[in-house]
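Sequence positions in the sequence shown follow our numbering and run 870 to 1103. Even glycine gets a Cβ: it sits at the ideal position worked out from N, Cα and C.
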Amino acid sequence: MITFDNLSKKFDTNEVLKQVTFVVPSGSIVSLVGPNGSGKSTLLRILLELESATSGKALFDGQPYTEFSVNHGVGVSLDTMIPHPSRRALDQLWWVAAAKGLPKTTCIEKLSQVGLGDVSKRRIKGFSLGMKQRLRIATALLGNPSVLVLDEPVNGLDPEGVLWIRTLLQEFADNGGTVLITSHLMSELEQLADSFVFLRKGIIAEQLDRVCLREKYASLEEAYFRINHSRSEG
């Protein structure tokens, strides 16, 4: 379980997160939804201890990231994590796995799991955007984590790849895993996530599970525009 408790963040006088509180239960997929500048990336960076909070807490089962990840594992894929283009896919994964004390056989296994087994010795600079996305997911899956934090995991994937990541994450959650994701692809998010946390200008504008979303709005896309535009106009 991931818990955000009255989390706030200021950069000088600019408050980018304002008392954000919500929970990502174990065995579920929760999506952050919001426009650029709403605070999604800052929230993830604080959760992963890449930024410090001005006040409040972000915890994994009551523990900070560094403490929790040692024993339970947190798989991370951020949009800013760019592998060196001259590396081969297997070498890139091995570089990460070695730092975690994992054997090279694990890298081969994860590359096969994400559909890159046949191109493991190709250099990353020749990869398509979708192949790079699969490599990021393989990196996140190293060590069999109990939690996944994924920034734009659907970006660059073709329809077959979208179905693959949807199935993978749903099976992960069905087996008790915890998933926190962000994406701008509303139609895919609506099919993937169990619940949605709408961020607007650093505050939680609304929280809805999938059932409530469909009772209140025609689609996730409609919810996004109504929450962000009607309230800004009002």
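For residue i: DSSP bridge partner residues
| i | result |
| --- | --- |
| D874 | K926 |
| R1035 | Answer is none; R1035 lacks a bridge partner. |
| Q1076 | V1066 |
| G944 | L1017 |
| Q932 | F929 |
| R991 | DSSP output for R991 lists no bridge partner at all. |
| F891 | F873 |
Start-to-end residues for the alpha helix (DSSP H) that takes in residue i
| i | result |
| --- | --- |
| R1127 | The shown model of the chain, from 870 to 1103, leaves out residue 1127, and the question about it has no answer. |
| E978 | 973 to 982 |
| S955 | Counting along the chain, S955 falls outside any alpha helix (DSSP H), and DSSP gives it neither H nor E. |
| I915 | 909 to 916 |
| Q1056 | A small fix is needed here, since residue 1056 is Ser in this sequence, not Gln. Segment 1055 to 1061, the alpha helix (DSSP H) holding S1056. |
| L1026 | Note, L1026: premise wrong, no alpha helix (DSSP H); not H, not E. |
| E920 | No alpha helix (DSSP H) contains E920, which DSSP labels as neither H nor E. |
| L985 | Careful: L985 lies outside any alpha helix (DSSP H) and carries neither H nor E. |
First and last residue of the uninterrupted beta strand (DSSP E) at residue i
| i | result |
| --- | --- |
| D960 | D960 -> not in any beta strand (DSSP E); alpha helix (DSSP H) instead, spanning 958 to 968. |
| K1001 | Element bounds for K1001: not the beta strand (DSSP E) but the alpha helix (DSSP H), 998 to 1010. |
| T882 | From DSSP, T882 is part of no beta strand (DSSP E); its letter is neither H nor E. |
| I1050 | 1047 to 1051 |
| S1064 | 1064 to 1069 |
| L1019 | 1016 to 1020 |
| L901 | 898 to 902 |
Check whether residue i and residue j have beta carbons under 8 Å apart
| i | j | result |
| --- | --- | --- |
| L947 | T1008 | no |
| R992 | P952 | no |
| D874 | G931 | no |
| R956 | V983 | no |
| V1066 | I1073 | yes |
| L1011 | L1038 | no |
| L1077 | K1085 | yes |
Nonlocal neighbours in the same chain, by C-beta distance under 7 Å from residue i, ignoring five residues either side
| i | result |
| --- | --- |
| L980 | A958, L959, L962, G986, S989, A1007 |
| C976 | L959, L962, W963, A966 |
| T911 | K878, V885, L886, E920 |
| S1101 | Note that S1101 scores a pLDDT of 47, beneath 50, so its modelled location is shaky and nothing firm can be said. |
| V945 | L917, A1009, V1018 |
| N940 | none |
| L971 | L1011, G1012 |
| K909 | L901, G903, T1051, L1068 |
Other residues of its chain near residue i: CB distance less than 6 Å, five sequence neighbours each side excluded
| i | result |
| --- | --- |
| S1088 | none |
| P933 | none |
| E1090 | M1055 |
Own chain residues within Cβ distance below 8 Å of residue i, not counting five before or after
| i | result |
| --- | --- |
| G1045 | S895, G896, S1015 |
| L876 | L886, Q888, V889, T890, L912, I915, A922, S924, G925, K926, A927 |
| F1041 | L1017, V1048 |
### Message
Within 8 Å, do at least three Cβ pairs link the region 885 to 901 to the region 1035 to 1052?
### Response
yes
### Task
State whether the region 994 to 1005 contacts the region 1017 to 1026, with contact taken as three or more CB pairs (one from each stretch) at a distance under 8 Å.
yes
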